[in-house]
Amino acid sequence: MLERLPKHMKEKYKPISKIKIMTKTTNASGVGTAINRVEGHLKVMGKAKYASEFPVENKVYGQGINSTIAKGEIISIDTSKAEKLDGVLKIITYKNAEKLKDFDKEMTPIATDTIAPVLQSNKVHYYGEYVGLVVAETFEQAQYAASLVKFEYKKDPSAVIDFEKSKSKAYTPDNGTNYSRGNMEQGLSEADVVVEQTYNTPIEHHHPMELHAVIASWDNGKVTAYSSQQIVEDAKIAISSTFQIPKKDVRVISAFVGGGFGSKLNLDRHVIMGVMASKMVGRPVQVTVTRTQMFTNTNMRQQNEQKMRVGAKKDGTLTALSHETLSHTATNQEYQEPCGMVSKMLYKVPNNEVTYKLIPMNIQVPFAMRAPGEATGSFALESAMDEMAWKLKMDPLEFRIKNDTQTDLHENRPFSSRLLVECLRIGADKFGWKDRKSEPRTNKKGNWLIGYGVSAASRNSPYQKTYSKVILKLDEDKVFATIQMDATDIGTGSYTIIAQTASEYLKIPVEQVSVELGDSDFPITPGSGGSWGAASYCNGARAACENAIKTLKNNRNIKEEEDITVSELLKKNQLTKFEAEGMAEPSAEFEKYSVFSFGANFCEVWVDKDTGMYRIEKMVNVASAGKILNPKTAYGQIIGGLTMGVGMVMAEQTHVEPNFGNFITRSFADYHVPVNLDMANIDVIFLPEEDKVANKMGIKGIGELGITSVAASIANAIFNATGKRMRSLPITPEKLIVAGLEPGITA
Amino acid sequence: MRPFKYTGAQNKDQALQAFTATSHYLGGGTNLVDLMKEDVERPDQLIDINNLDYKKITSNDKGGLTLGAMLSNSETANHPEVRTNYPLLSMAMLSAATAQIRNMASNGGNLLQRTRCPYFFEVSMPCNKREPGSGCGALNGMNALHAIFGYSDSCIATNPSDMCVALAAIGATVEVQQTDGSSRMIVFTDLHRLPGDRPEKDTTLMQGELITAIHLPKPEFSDHYYYLKIRERSSYAFALVSVAAGLQVKSGVITKVGLAMGGVAHIPWKLTKAEGFLAGKKPTSENFKAAAALEMKDAKPFEANTYKVEMGKNAIVRALTQAYEREV
Ligand SMILES: Cc1cc2nc3c(=O)[nH]c(=O)nc-3n(C[C@H](O)[C@H](O)[C@H](O)COP(=O)(O)OP(=O)(O)OC[C@H]3O[C@@H](n4cnc5c(N)ncnc54)[C@H](O)[C@@H]3O)c2cc1C
Ligand code: SF4
């Protein structure tokens, strides 16, 4: 065990891989323990309410109608048949819609609080864009009526729908993300070996299990929206600015969210349609996006073509690395996935260039999907690294370790902590990397070709200003605490880790803590996304708890260091109830460092020699992600990330029809995500890591680290098994069967 | 979904009497109801036939089994006699969809499930099968999943059923009830039809005909059988290409072959040339390869589904090999 690790590492980083599940804890329920989810029983009993489940009285149903052309104009609308149907209350199109704030620029960058104007003109920008909403007494009536509204269009033949044929239309986005250091061409000329390859990733969709949904009420200019959102504050801003009403008049509630993966970061247009419809019909309106509409109306990950150029010396020292990404955006909204981010910071390479280009296309605007940039960028970078290692005849693991850096050369500052080498070494040991055969097609068993692959992972750990409130109540000797914040739990475990934080800092059992989230009337947090949730929420909750204790002590002139229970404190203060607020934010120190989580993924893949089918036999994932608040929920995040990564490699892709511009992938029957049988034996190892620069509690992000390293490690294992370099995701049997062997490899 | 009338039939006469030109029989509904939600199928009436008494597996006078049309795919595939005597059918059926869908899906419905061509599913797109005369969207569109054999300019779709591939290999017969009260037998390979210029018609069934049973011949492939299904994930995906292979081998010589392919044509594609070639020959890999080549040389792929030729060839060889080498 661990024999290949330098001695000092062995002692310091003994991995935590066993998960102890504690039930019925009393005091051992603080930060770091593997307690069960505090809201688990609510979910199992169906009592956790998701957006469309709130029993709002008198509510009616809205059904969105989608355009069936990619670009052009609506020339006529026939609502006569639909209007005659029982239960139909209103049919809203651009002709009678409320006027909303519209974009004032030709190309508006999309952000989490961007306005979401809808039904404002007869112009169609993409196939599936909302062109109407039918409001009816029942869901069934609304759906049927929606199918009877007839739109006639004038098609504009200049629609841009074919990525391959539209590359000449690409522009360089004006967002300051193009980057270079050193001199790329010089770096290449110094190299003994150069790898130059292009890697393709397709459009993917987030597809959380919970459909996007809203129940919206407009009540004398005041809006309440039960909406499935990752960031309630930004949803509130988007609603208030789209309708041009004061922010204080908008309330957004997202108590439970059935997954988001980035698709619920921003406010989608069904929410605006719901609010508008409620205003127009005078009743609360529920709008649930259908699974097919999830493809066209809730963002997506865009297609990327990433060109990599890598130069290295014979001994494996990197001399040059360039990462050019060609992608697409909407014709009126701009999003650019930061694929090149990893190439700027992961390795010690003096000459580095990262560029982006976007093709404005008549398909919906893409937006962040789990590990935007890293998930796709690391596929390109970590595949290219593997190709280089192969050309150098070096072990791909040692090649990575050789080029490790403790300085973020992009920001020119140290990493707050970086255990990538440890992740690689410990993972290799646990996985049995030493048994890898470096020559492809030499490890065989029956009809199987067996291969091993590795890749490194990194994910930025942002941490943001967070407010929270704690309410303490004394009942006999017991103190019960309630934490309130507008944070969301998108299935990740926020409720649990926030409760554990309160338990830790108030020194009371977790059973005495309740957590209330997802209401924009609560103190403001940055919401869930970008792996910043856990650090921000827990530090925010910590600050409120610390404040409560400090104030209670100050009021009675008790010394700060005195060890006294919170119940004693309340009694000394002669209080049975006490409230305190707290705020946490990044320190000045934080800005001087680059704060990232790191990881490594190892996998063993078995490829069928005849059919192109393969199975992932084993995966070992090692993560160094700061303080692990709850090994159980953290494990869930890594497993979920790995599964999504397996989906990315094996099957996930949305096809754009090249003649019409619609997605012909329109349900789970054809948008394939992994099934249980596809999943391997997975070992997840967290390295203990103290990172006090990241934040007081030493928390880094973990929600996106898991997906980051998967694609390349599997593609690299497939190469090791078959001698075929699969540079285009997903790697399907169709592609594998026709792929040729790399030069120099014989069957 | 459009409003429709629901009629629960208690027996075959009620079902047949209720039938009108715009009716559909309702089996498990796993295909029909999906298509109604997509507005592809628009029946005025659904006649629920789940209470009809076609839920038995019995012995027939050919020495084989007769499968009731209303038995679920799970009950059929897991039936001890099917497992023992028709393991090829069982294997093919269990490779389909998911346990939940197989529990709902009926044998009759499985035979009549419609294509998974994405253009067929999206009513705003042209599709001759859904809307005769509107054009075939797939012909010059996305056709990576489409046919390489037997298609026409009107339609290049494939039949998606796994069960049907096995039934074609085994050589079944389908019994149907006609609305006038008479019944008839259809040789399995005559049930489905090539698209020609009438792709809206998947089968040779006449209006209102009700499938009541599937008759299997006496078991021939219970020792040497294999259903190979190539797909993008380990379950819950339709075949890109599949092969049902059954062999009878006596004294080192192939005495009987049942071979059919899925995912390549508008019908379960019976490999008659390969069957003819292999009969009387030795079960060697050279012969398997020659048989596969013989079939695949007639393939006419599109650019996007050229892979099916190589895949098909490998799949035939592999299915035959696995069938032969299977431990008896
Ligand atoms: C997501 C998904 C994945 C799937 N994957 C696979 C797969 O991998 N492989 C595979 O083979 N299949 C697969 N299926 C298809 C599944 O096998 C079929 O939907 C099922 O077999 C249909 O049976 P049913 O009884 O539900 O038919 P229904 O949907 O009830 O009926 C289908 C058609 O048959 C007609 N019909 C039904 N019974 C009779 C009868 N007795 N006589 C005359 N007409 C009748 C109906 O009117 C209708 O037109 C999948 C389905 C889904 C939804
Ligand atoms: S292949 Fe057949 S089903 Fe598909 S679009 Fe063409 S006509 Fe319709």
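Just so you know, the protein sequences line up as chains P and D, in that order. All letters in the first sequence, in the order written, are residues 1 to 747 by UniProt numbering. All letters in the second sequence, in the order written, are residues 1 to 328 by UniProt numbering. Think of the CB as a built atom: it goes at the ideal place given N, C-alpha and C, for glycine as much as any other residue. No experiment lies behind these values; they were computed from the predicted model shown.
Given 8 angstroms as the limit, tell me if residue 99 of chain D has its C-beta closer than that to any heavy atom belonging to ligand 1. Distances taken from the Cβ of residue 99 of chain D to the heavy atoms of ligand 1 include none shorter than 8 angstroms.
Taking the beta strand (DSSP E) that residue 577 of chain P falls in, what are its first and last residues? For residue 577 of chain P, the enclosing beta strand (DSSP E) stretches over residues 577–584.
Which residue from P/341, P/668, P/391 and P/267 puts its Cα closest to that of residue 743 of chain P? Ranked by Cα distance from residue 743 of chain P, the first of P/341, P/668, P/391 and P/267 is P/391.
Among P/514, P/510, P/324 and P/277, nearest to residue 30 of chain P - alpha-carbon criterion: Each of P/514, P/510, P/324 and P/277 was checked against the Cα of residue 30 of chain P, and the nearest Cα belongs to P/510.
For residue 162 of chain P and residue 695 of chain P, the rounded distance between their alpha carbons: Cα to Cα, the separation comes out at about 46 angstroms.
Does the region 405–413 of chain P touch the region 335–349 of chain P, meaning 3 or more C-beta pairs lie closer than 8 angstroms? In short, these stretches touch, since the Cβ pair count reaches three.
Go through the region 244–326 of chain D residue by residue and report every complete run of the beta strand (DSSP E) that reaches 3 residues or more, in order. 253–262, all fully within the region 244–326 of chain D.
Mind listing the chain P neighbours of residue 141 of chain D? Cutoff is C-beta to C-beta under 9 angstroms, in chain order. Within 9 angstroms Cβ-Cβ: 657, 658, 659, 660 and 664.
Using only the alpha-carbon positions, how far apart do residue 607 of chain P and residue 130 of chain P sit? If I take the Cα positions, the gap works out to 43 angstroms.
Assumed close pair residue 533 of chain P, residue 487 of chain P - CB separation to whole angstroms, cut-off 8 angstroms: The pair is a contact, with the Cβ atoms about 7 angstroms apart (cut-off 8 angstroms).
Compare the C-beta of residue 732 of chain P against all C-beta atoms of chain D and say whether one is closer than 9 angstroms. With 9 angstroms as the cut-off, residue 732 of chain P counts as an interface residue toward chain D.
When you check each C-beta in the region 115–134 of chain D against every C-beta of chain P, which residues fall closer than 8 angstroms? So the list reads 116, 118, 119, 121, 122, 124 and 125, given in the order they occur along the chain.
Have a look at D/266, D/287, D/267 and D/264 and flag the residue whose alpha-carbon is nearest the alpha-carbon of residue 275 of chain D. The candidate whose alpha carbon is nearest that of residue 275 of chain D is D/287.
Looking at the C-beta of residue 264 of chain D, does it have a partner C-beta in chain P at a distance below 9 angstroms? Output row for residue 264 of chain D: interface = no.
Please look up how many angstroms separate the CB atoms of residue 226 of chain D and residue 319 of chain D, rounded, as I've assumed it's under 8 angstroms. About 5 angstroms; that satisfies the 8 angstroms criterion.
For residue 240 of chain D, return the contacting residues in chain P, with the cut-off set at a CB-CB distance below 7 angstroms. Correct list: 733 and 734.
I'd like to know whether the C-beta atoms of residue 222 of chain D and residue 230 of chain D end up nearer to each other than 9 angstroms. Taking 9 angstroms as the cut-off, the beta carbon of residue 222 of chain D is found no closer than this to the beta carbon of residue 230 of chain D.
Does the distance from the C-beta atom of residue 704 of chain P to that of residue 459 of chain P stay below 9 angstroms? Yes. Within cutoff.
Could you tell me whether the Cβ of residue 231 of chain D comes closer than 9 angstroms to any Cβ of chain P? For residue 231 of chain D, the closest Cβ of chain P is nearer than 9 angstroms.
If I measure Cβ to Cβ from residue 582 of chain P and keep anything under 6 angstroms in the same chain, skipping five residues before and after, which residues do I get? So the list reads 468, 543, 544 and 547, once near-sequence residues are dropped.
Between the C-alpha atoms of residue 720 of chain P and residue 428 of chain P, what's the straight-line distance to the nearest angstrom? One C-alpha to the other measures close to 16 angstroms.
Would you please verify whether the beta carbon of residue 728 of chain P is less than 9 angstroms from any beta carbon of chain C? The structure shown contains no chain C; the protein chains it does contain are P and D.
For a cutoff of 9 angstroms on Cβ pairs, would you count residue 272 of chain D as touching chain P? No, residue 272 of chain D does not count as interfacial toward chain P.
Apply the 10 Å Cβ neighbour rule to residue 3 of chain P and answer buried if 16 or more other Cβ atoms are within range, or exposed otherwise. Annotation note: pLDDT 49 at residue 3 of chain P (below 50); position unreliable, no value reported.
Flag residue 670 of chain P as yes if its beta-carbon sits less than 9 angstroms from any beta-carbon of chain D, otherwise no. At a cut-off of 9 angstroms, the C-beta of residue 670 of chain P has a neighbouring C-beta in chain D.
From the DSSP output, in three-state form, read off residue 800 of chain P for me. No answer is possible for residue 800 of chain P: it lies beyond the span of chain P, which begins at 1 and ends at 747.
How big is the Cα-Cα spacing for residue 117 of chain D and residue 679 of chain P? For residue 117 of chain D and residue 679 of chain P, the distance between alpha carbons rounds to 28 angstroms.
Residue-chain proximity (residue 190 of chain D, chain P), Cβ-Cβ < 9 angstroms: Residue 190 of chain D is outside the set of residues whose beta carbon lies under 9 angstroms from a beta carbon in chain P.
Around the Cβ of residue 75 of chain P, are there at least 16 other Cβ atoms within 10 angstroms (buried) or fewer (exposed)? Residue 75 of chain P is exposed by the Cβ-count criterion.
Starting from residue 215 of chain D, follow its DSSP beta bridges and name the residues at the other end. DSSP output for residue 215 of chain D lists D/66 and D/173 as bridge partner(s).
What residues of chain P sit near residue 236 of chain D, judged by a beta carbon separation below 7 angstroms? Within 7 angstroms Cβ-Cβ: 675.
Any beta carbon from chain D within less than 9 angstroms of residue 269 of chain P's own beta carbon? It does not; no Cβ of chain D falls within 9 angstroms.
Quick one: is residue 147 of chain P near chain D, going by C-beta distance under 9 angstroms? It does: the Cβ of residue 147 of chain P has a partner Cβ on chain D nearer than 9 angstroms.
Does the Cβ-Cβ distance between residue 36 of chain P and residue 632 of chain P come in under 9 angstroms? Their beta carbons are under 9 angstroms apart, which means residue 36 of chain P touches residue 632 of chain P by this criterion.
Could you have a look at residue 23 of chain P and say whether DSSP puts it in helix, strand or coil? Bear in mind that the predicted position of residue 23 of chain P carries a pLDDT of just 41, short of 50, making it unreliable; the figure below should be weighed with that in mind. If DSSP states are grouped into helix, strand and coil, residue 23 of chain P belongs with coil.
Chain P residues whose Cβ lies nearer than 9 angstroms to that of residue 261 of chain D: Ordered by position in chain P, no residue passes the 9 angstroms Cβ test against residue 261 of chain D, which lies about 14 angstroms from the chain.
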